[in-house]
Amino acid sequence: MFKFKHLSFFSHSKHERLRLAFSASSAAVFDEFSTQQQQICNDRHNQMDQMLQPHILLCLDPKLYVSSLLDCRNLIQIKKIHAHATITGMLHNLTVANKLLYMYARFKALEDASTFFDAMQERDLVSWSVMVGGFAKAGLYPNCLGTFREIIRSGILPDNFSLPFAVRACRDTSDLQTGRMIHHLVYKSGLHSDPFVSAALVDMYAKCGVIEDARLLFDRIPKKDLVTWTVMIDAHANCGNAEESLVLFDRMREEGIIPDKVTMVTVVFACAKLGAMHKAELVHDYISRNKFSLDVILGTAMIDMYAKCGSVNAARNIFDHMKEKNVVSWSAMIAAYGYHGQGKKALDMFPMMLRSGISPNRITFVSLLYACSHAGLVDEGLRFFYSMWEDYSVKPDVKHYTCMVDLLGRAGRLDEALELIKNMTVEKDEGLWGAILGACRIHGNIELAGKAAKSLLEFQSRNPGYYVLLSNIYANAGRWEDVAKVRELMTHRRLKKIPGWTWIEVGNKRYQFSTGDKTHPQSDKIYEMLKSLTKKLELAGYVPNTNFVLHDVDEELKIGILNTHSEKLAIAFGLISIPERMPIRLIKNLRVCGDCHTFSKLVSAIVQREIIVRDANRFHHFKEGVCSCGDYW
DNA sequence: AACAACGCGA
1 MFKFKHLSFF
11 SHSKHERLRL
21 AFSASSAAVF
31 DEFSTQQQQI
41 CNDRHNQMDQ
51 MLQPHILLCL
61 DPKLYVSSLL
71 DCRNLIQIKK
81 IHAHATITGM
91 LHNLTVANKL
101 LYMYARFKAL
111 EDASTFFDAM
121 QERDLVSWSV
131 MVGGFAKAGL
141 YPNCLGTFRE
151 IIRSGILPDN
161 FSLPFAVRAC
171 RDTSDLQTGR
181 MIHHLVYKSG
191 LHSDPFVSAA
201 LVDMYAKCGV
211 IEDARLLFDR
221 IPKKDLVTWT
231 VMIDAHANCG
241 NAEESLVLFD
251 RMREEGIIPD
261 KVTMVTVVFA
271 CAKLGAMHKA
281 ELVHDYISRN
291 KFSLDVILGT
301 AMIDMYAKCG
311 SVNAARNIFD
321 HMKEKNVVSW
331 SAMIAAYGYH
341 GQGKKALDMF
351 PMMLRSGISP
361 NRITFVSLLY
371 ACSHAGLVDE
381 GLRFFYSMWE
391 DYSVKPDVKH
401 YTCMVDLLGR
411 AGRLDEALEL
421 IKNMTVEKDE
431 GLWGAILGAC
441 RIHGNIELAG
451 KAAKSLLEFQ
461 SRNPGYYVLL
471 SNIYANAGRW
481 EDVAKVRELM
491 THRRLKKIPG
501 WTWIEVGNKR
511 YQFSTGDKTH
521 PQSDKIYEML
531 KSLTKKLELA
541 GYVPNTNFVL
551 HDVDEELKIG
561 ILNTHSEKLA
571 IAFGLISIPE
581 RMPIRLIKNL
591 RVCGDCHTFS
601 KLVSAIVQRE
611 IIVRDANRFH
621 HFKEGVCSCG
631 DYW
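Numbering-wise, the first sequence is residues 1 to 633 according to UniProt numbering.
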């Protein structure tokens with residue numbers, strides 16, 4: 001209740017400020033207040049003890065039981081009152097009995113709750129709903145839905161208390177079928193306009209992967225409350241349409257709904273997904289102006305946002321200003337340095353984290369190993385890998401093995417990577433072989449690629465990425481028959497290659513480019529710019545590397561395809577539309593192709609402009625002819 | 001009722 005130990009970096013929310021003003025912000029006052037509360041609680045319990053004296057038994061007050069139950073701070077206190085109530089016969093009062101049930105559920109003592117529930121002589125809808133909610137909050141979904149079904153079976157229509165919890169159980173178990181059935185019941189109960197119920201339904205549809213249904217329902221809700229908006233904003237960001245999230249955020253405010261901290265976290269998350277620096281700054285500004293407190297969740301979300309928008313320094317600035325940091329915040333910062341190629345800084349964070357009393361978890365080690373992998377810090381990575389279990393009791397799982405395979409593989413130590421896979425005891429997955437395949441691509445090891453592909457294809461992967469990668473390896477070696485085989489397999493499994501895109505933010509707008517794109521209104525100017533760039537580059541010795549065009553077509557056509565890769569078009573557009581000296585920031589859905597990488601390096605030198613590219617798994621900062629990845633990616 | 005970090009791949 002009293003969370004003042006971490007007064008926030010930004011000013012407080014209105015609610016917090018009121019509380020602060022009210023209680024004069026001194027620790028002593030809080031302590032005193034808290035002692036008073038404890039005293040009241042004790043007094044009540046003493047009063048109850050006295051009631052057990054035979055002569056007072058007659059003046060029992062259910063209200064006293066209810067408030068005493070609500071005062072309980074642990075299970076022992078609840079059980080004590082339960083015992084009292086049994087003796088005094090107060091459990092026959094349904095209000096008291098339901099409150100007892102509720103308290104058991106609140107303290108996650110679902111077994112006690114169930115036992116008591118089964119023993120209850122009389123139950124009403126509230127009793128049933130408390131059980132449904134209790135099971136859902138404790139993550140006991142089968143019990144939750146089972147209890148809910150019993151309500152339905154007994155012919156009672158559920159209320160607006162049990163329905164959201166039953167829907168939540170469907171959401172967390174991805175049980176869309178049951179979810180739809182419950183939606184039907186909602187109409188029958190006439191509760192479709194209840195904000196709790198409709199928010200839960202929208203959330204359920206979104207998290208079950210049917211965002212269209214979520215949106216359909218959302219659009220039909222006449223008066224949407226804050227939570228419903230937040231759910232929808234989050235849903236769009238999670239399904240890859242973060243742009244729509246920001247549109248919804250604006251619309252929500254236009255309709256007079258005031259966002260709260262949770263909404264801001266989802267909006268920040270959407271900016272992180274988009275990688276849109278301009279939007280990120282606007283959102284940051286909004287957060288500061290509206291005095292949202294920079295707590296550990298919002299702060300961590302902002303670290304992630306700035307890092308994924310290309311500024312690891314801005315991320316670090318947020319990190320440094322956070323009063324409270326947990327393992328998530330530290331891992332986010334370590335990961336950020338990792339994917340910006342600053343492996344050393346990522347590793348430096350680790351002892352700092354330990355000193356501040358935070359223990360690493362499995363994600364911290366994924367981030368550390370990842371940082372090593374992308375900076376070529378092989379020995380350091382090996383050391384972390386071996387010490388994570390021994391020194392920190394974090395068991396390496398398949399993700400850690402994948403990082404290690406990637407680390408060793410990139411460094412050309414493929415034999416060691418294979419040895420690691422051979423000796424591992426945790427279950428292997430397709431990603432592990434994908435990492436081997438990636439290393440084969442870098443080092444042109446076709447034999448091993450074949451073997452890895454065999455293991456990989458056993459997983460019947462639905463992920464087109466692996467097939468295309470394999471086909472690319474064969475194409476690079478000129479083995480067109482093998483290429484054809486892989487492509488055939490893809491067609492057979494009905495998988496399509498994901499097309500590459502590059503996005504660029506200019507002012508308030510985000511522009512999207514594909515290979516050979518001519519849909520941009522300034523297309524002519526873009527191609528003109530590209531042509532003059534290529535000319536300048538050729539003078540500087542640039543030769544298009546057609547190894548990166550993976551079709552069996554003639555050389556001239558290859559150069560044509562290469563020259564209009566989406567990344568090059570976006571750079572050309574950036575140069576004509578972004579003010580001088582401002583960096584050009586790009587976001588790609590795939591990895592940078594080798595030729596575009598060379599191209600970007602040269603452009604950064606020739607036109608003296610910083611180019612920052614976020615590709616599918618890391619950042620490249622091109623400046624004065626060199627890339628932050630050191631060509632190691 | 002809603003919120004934060006992680007590998008590989010096109």
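Glycine included, each C-beta is placed from N, C-alpha and C at the ideal position.
None of these values were measured; they are calculated from a predicted model.
Cβ-Cβ distance between residue i and residue j below 8 Å
i           : j      : result
Arg383      : Tyr632 : no
Met333      : Ile303 : yes
Val202      : Leu217 : yes
Phe622      : Tyr339 : no
Leu69       : Ile81  : yes
Gly299      : Ser329 : yes
Leu282      : Ala242 : no
Tyr401      : Leu377 : no
Arg591      : Gly310 : no
residue 636 : Ala435 : Nothing can be reported for residue 636, as the shown portion of the chain is limited to 1 through 633.
His565      : Thr519 : no
Ala105      : Lys137 : yes
Val265      : Ile221 : no
Asn476      : Gly444 : yes
Presumed contact (8 Å Cβ cut-off) between residue i and residue j, rounded CB distance
i      : j      : result
Leu530 : Val603 : Not quite, the Cβ-Cβ distance comes to about 10 Å (not below 8 Å), so this is no contact.
Pro544 : Ile559 : 5 Å
Ala235 : Ala199 : That pair is no contact at about 11 Å.
Lys344 : Ala375 : 7 Å
Gly133 : Phe107 : About 13 Å; that fails the 8 Å criterion.
Thr86  : Val66  : About 16 Å; that fails the 8 Å criterion.
Leu157 : Ser189 : 5 Å
Leu294 : Met322 : 6 Å
Spatial distance of residue i from residue j (CA atoms)
i      : j      : result
Val626 : Glu244 : 36 Å
Ser25  : Lys568 : Residue confidence is low: Ser25 scores 36 on pLDDT, short of 50, so the model does not pin down where it sits. Its coordinate-derived value is still stated next. Going by the C-alpha atoms only, they are around 56 Å apart.
Lys291 : Gly341 : 34 Å
Gly630 : Arg609 : 18 Å
Asp524 : Val468 : 32 Å
Leu557 : Asp595 : 15 Å
Leu470 : Pro499 : 16 Å
Gly381 : Leu368 : 8 Å
Met103 : Lys395 : 36 Å
Ala605 : Met204 : 50 Å
Asp151 : Leu60  : As written in the sequence, residue 151 is Ile, which differs from the Asp given in the question. Approximately 32 Å between the Cα atoms of the pair.
Ala570 : Ile504 : 6 Å
Pro521 : Phe573 : 11 Å
Arg180 : Ser356 : 48 Å
Ala21  : Pro259 : For Ala21, the predicted structure reports a pLDDT of 33, less than 50, and the residue's modelled location is therefore unreliable. A value from the coordinates is still provided. Cα to Cα, Ala21 sits roughly 23 Å from Pro259.
Asn238 : Ala301 : 14 Å
Ala453 : Ala540 : 40 Å
Lys5   : Ala83  : Its pLDDT being 29, under 50, Lys5 is placed unreliably by the model, and the measurement read from it follows with that caveat. About 37 Å.
Phe9   : Asn508 : The predicted model places Phe9 with a pLDDT of 27, which falls under 50 and marks its position as unreliable, so this point remains unresolved.
Leu176 : Arg413 : 46 Å
Ile612 : Cys593 : 15 Å
Ile446 : Ile182 : 53 Å
Asp31  : Lys588 : Residue confidence is low: Asp31 scores 46 on pLDDT, short of 50, so the model does not pin down where it sits. No coordinate-derived value is stated.
Arg153 : Leu191 : 19 Å
Ser628 : Trp480 : 34 Å
Arg253 : Lys224 : 12 Å
Leu163 : Asp250 : 30 Å
Residue from the options with nearest C-alpha to residue i
i      : options                           : result
Lys536 : Gln522, Arg493, Phe599 and Gly500 : Phe599
Asp140 : Thr173, Leu125, Met120 and Gln121 : Per the sequence shown, the amino acid found at residue 140 is Leu instead of Asp. Residue Thr173 is the option with its Cα nearest to Leu140.
Cys170 : Ala453, Ser387, Cys208 and Glu390 : Cys208
Tyr392 : Asn472, Trp229, Phe365 and Ile612 : Phe365
Phe161 : Asp194, Lys188 and Met181         : Asp194
Asn74  : Gly89, Leu100 and Asp250          : Leu100
Val247 : Gly507, Lys279, Pro222 and Val262 : Lys279
Ser114 : Asp124, Phe135 and Leu125         : Phe135
Trp501 : His492, Phe513 and Phe148         : Phe513
Lys63  : Lys79, Ile76, Gln77 and Asn98     : Asn98
Gly240 : Glu254, Ile78, Ile211 and Leu125  : Ile211
Flag this pair as touching only if the region 456-475 and the region 413-427 have three or more C-beta atom pairs under 8 Å; answer yes or no. A contact between stretches requires three or more CB pairs, one per stretch, nearer than 8 Å, and the region 456-475 fails this requirement with the region 413-427.
Are the region 482-494 and the region 571-580 touching by the rule of at least three beta carbon pairs closer than 8 Å? no
How do the region 215-233 and the region 254-271 stand: do at least 3 beta-carbon pairs fall below 8 Å, yes or no? yes
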